[in-house]
């Protein structure tokens, strides 16, 4: 049985920074744009080594999205960097028309997503971005779970053609995917089990790992699948696991409406109706606090995942 | 292009393009004739004299000039000029705004119409896109120009001014923007809806080299665009503030916002065509 532990914590945004820098060395077509958050997005290394391919656009995100779209036309691969809130909600129409509908190869890289942004509070804690982005036709949506997977995802974007949303975050977080293969669109089965499937993404994959340990003590066998690519969803992996476990819990740092749980529920209701519980923010805004305090208060902690599993097991037929 | 413009020939083309516009809009009973007619001379000057371009259409436009239409609702004039330039068969103009057409109501790349490099229609986005394309040209060492057209009402969108700042700050001197300065928008005159005040002073204050032009005189618009090119490559983006009249060329449409987005009926079409000389043959 695989057991996940960690010896080091790092922020996922640093994984993006390291990945972008590596990709910059490999691929001269990669360019980066940033809206006055170079340090926060960890884009300094790329900026320092490739100043001619780094574009500081100022606090003007709408213009940044248009610039990025324009740069793709002659074959450049632009990576835009700002907070998730300003990467999506603020510029939705620009993304929709100039990037998604126009089929432009822009990589929208978004940090500080979700509650774990912490003390800055609800103005910056976007919890609707996965939903907004996955609704756009042709948009790939990736939510990696730790530093190393964010790095792997960033590098993978260099050879992936098409508009993409890459969502990561601010807090220091356990690193536990070191050396694991990463393929866009292919779900990662992290723990094999038979009683219940947990589908998780982003920071909540670690919380699900902690929940699994508690559940194992209680004799409950959990299958944990990391859905790092929300769209296109690995439907085959979802259905194969559910065929075996016949009940599901989804976990995400996002609104209950429009996120991972929503995507899984749609697949299940169409192809294999199955009891499902969702660990997500229940139609509310966040607030100031530490990441751990916020995850606990809004029901996204390991204990909430344990409770959701116990609840769904009772509904299992 | 360095050769002298054949003004009489350009005028003939413009007359035919205006016929195309009113016929296209009439056929589907929708679309935007006013701005299309007002910008016809500009488009004809651009595609038949100013731009270095190839109707075989290479999306990347390496070594060629690029044009972006930000106020995408005047698609009829662009489609007509692209077809008349050889990008696609003029017969395809008959499919404008119809189901399964490449000639969408607003320009799009989705259906792969040659000549179109990005979707536009939702206003305020084209200048940013043009700047991105121009930035990539600079990075690639490609010394050709990027042209972009915006509406004047469109300047009410905040994104335009984000882009305006970026262009001057980054010395985007391979960009030549034009404004269709007709003073009209859907709900009425621009200065009654949300005044732009002194537009020339605004663009100058934003760090642009601004030239004035008359967009409804072929000789003058050709000279203005030629002059704009001489003003480029000097460290500043260039803005061509182009006075036009909405509906120019059709007497009952001229100067009124009422024809911004309304199609002529059968009688009105006949009246319009009677004023526009048939020169290259209708599609």
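Protein chains in written order, with UniProt numbering: chain G, 1 to 317; chain W, 1 to 283.
Each residue gets a CB set at the ideal place from its N, CA and C atoms; glycine is no exception.
Note that the coordinates shown come from a computational prediction; the quantities given were computed from them, not determined experimentally.
CB contact below 8 Å: residue i versus chain G
i, result
"residue 110 of chain W", "yes"
"residue 242 of chain W", "no"
"residue 87 of chain W", "no"
"residue 168 of chain W", "no"
"residue 249 of chain W", "no"
"residue 74 of chain W", "no"
"residue 122 of chain W", "yes"
"residue 132 of chain W", "yes"
"residue 162 of chain W", "yes"
"residue 117 of chain W", "yes"
"residue 239 of chain W", "no"
"residue 1 of chain W", "At residue 1 of chain W, the pLDDT of 48 sits below 50, so the modelled position is not reliable and the matter cannot be decided from this model."
"residue 171 of chain W", "no"
"residue 150 of chain W", "no"
"residue 62 of chain W", "yes"
"residue 129 of chain W", "yes"
"residue 136 of chain W", "yes"
Per-residue burial, residue i [other beta carbons within 10 Å of its own, 16 or more giving buried]
i, result
"residue 186 of chain W", "exposed"
"residue 168 of chain G", "buried"
"residue 51 of chain G", "exposed"
"residue 1 of chain W", "Unreliable placement is indicated for residue 1 of chain W, whose pLDDT of 48 sits below 50; the coordinate value is still reported in the next sentence. Exposed, since its Cβ has fewer than 16 Cβ neighbours within 10 Å."
"residue 87 of chain G", "buried"
"residue 22 of chain W", "buried"
"residue 26 of chain W", "buried"
"residue 215 of chain W", "buried"
"residue 228 of chain W", "buried"
"residue 228 of chain G", "buried"
"residue 132 of chain W", "buried"
"residue 197 of chain W", "exposed"
"residue 164 of chain G", "buried"
"residue 180 of chain G", "exposed"
"residue 191 of chain G", "buried"
"residue 182 of chain W", "buried"
"residue 62 of chain G", "buried"
"residue 243 of chain G", "exposed"
"residue 14 of chain W", "buried"
"residue 203 of chain G", "buried"
Residues near residue i in its chain [Cβ-Cβ closer than 8 Å; skip 5 each side]
i, result
"residue 89 of chain G", "126, 128, 129 and 132"
"residue 290 of chain G", "118 and 119"
"residue 73 of chain G", "104"
"residue 309 of chain G", "196, 198, 211, 215, 220, 222, 249 and 277"
"residue 5 of chain G", "176"
"residue 121 of chain G", "286, 287 and 288"
"residue 211 of chain W", "224, 227, 228, 231, 238, 239, 240 and 241"
"residue 289 of chain W", "For residue 289 of chain W there is no data in the structure shown, the boundaries of chain W being 1 and 283."
"residue 173 of chain W", "232, 233, 234, 235, 236, 237 and 238"
Closer than 8 Å to chain W by CB, residue i
i, result
"residue 63 of chain G", "yes"
"residue 57 of chain G", "yes"
"residue 130 of chain G", "no"
"residue 75 of chain G", "yes"
"residue 304 of chain G", "no"
"residue 36 of chain G", "no"
"residue 136 of chain G", "no"
"residue 52 of chain G", "yes"
"residue 98 of chain G", "yes"
"residue 70 of chain G", "yes"
"residue 102 of chain G", "yes"
Neighbourhood of residue i by C-beta distance below 6 Å, restricted to the same chain and skipping five residues each side
i, result
"residue 19 of chain G", "151, 154 and 155"
"residue 68 of chain G", "33, 78, 80 and 106"
"residue 46 of chain W", "none"
"residue 178 of chain W", "149, 240 and 242"
"residue 83 of chain W", "90 and 93"
8 Å contact criterion, which residue i and residue j should meet: CB distance rounded
i, j, result
"residue 112 of chain G", "residue 12 of chain G", "About 10 Å separates the two Cβ atoms, so there is no contact after all."
"residue 136 of chain G", "residue 110 of chain G", "About 14 Å; that fails the 8 Å criterion."
"residue 34 of chain W", "residue 253 of chain W", "6 Å"
"residue 58 of chain G", "residue 44 of chain G", "Not confirmed; about 17 Å, so no contact."
"residue 160 of chain W", "residue 207 of chain W", "Not really, about 14 Å apart at Cβ, beyond 8 Å."
Cut-off 7 Å between Cβ atoms - residues of its own chain near residue i, not counting five sequence neighbours on either side
i, result
"residue 255 of chain W", "245, 246 and 247"
"residue 208 of chain G", "198, 200, 224, 251 and 305"
Self-check item: Sequence ranges, alpha helix (DSSP H) only - wholly within the region 66-141 of chain G, length at least 4
Solution: 84-87 and 129-134
Practice problem: Could you tell me which uninterrupted beta strand (DSSP E) segments, each at least 3 residues in length, are contained entirely in the region 45-72 of chain W, listed from first to last along the chain? | Solution: 66-69
Quiz item: Which whole runs of the beta strand (DSSP E) in the region 217-244 of chain G are 3 residues long or more, in chain order?
Solution: 222-226 and 229-231
Quiz prompt | Complete runs of the alpha helix (DSSP H) confined to the region 267-312 of chain G [at least 4 residues] | solution = 291-297
Exercise. For the region 182-230 of chain W, list the beta strand (DSSP E) runs that are entirely contained and at least 3 residues long, ordered along the chain.
Key: Correct list: 209-214.
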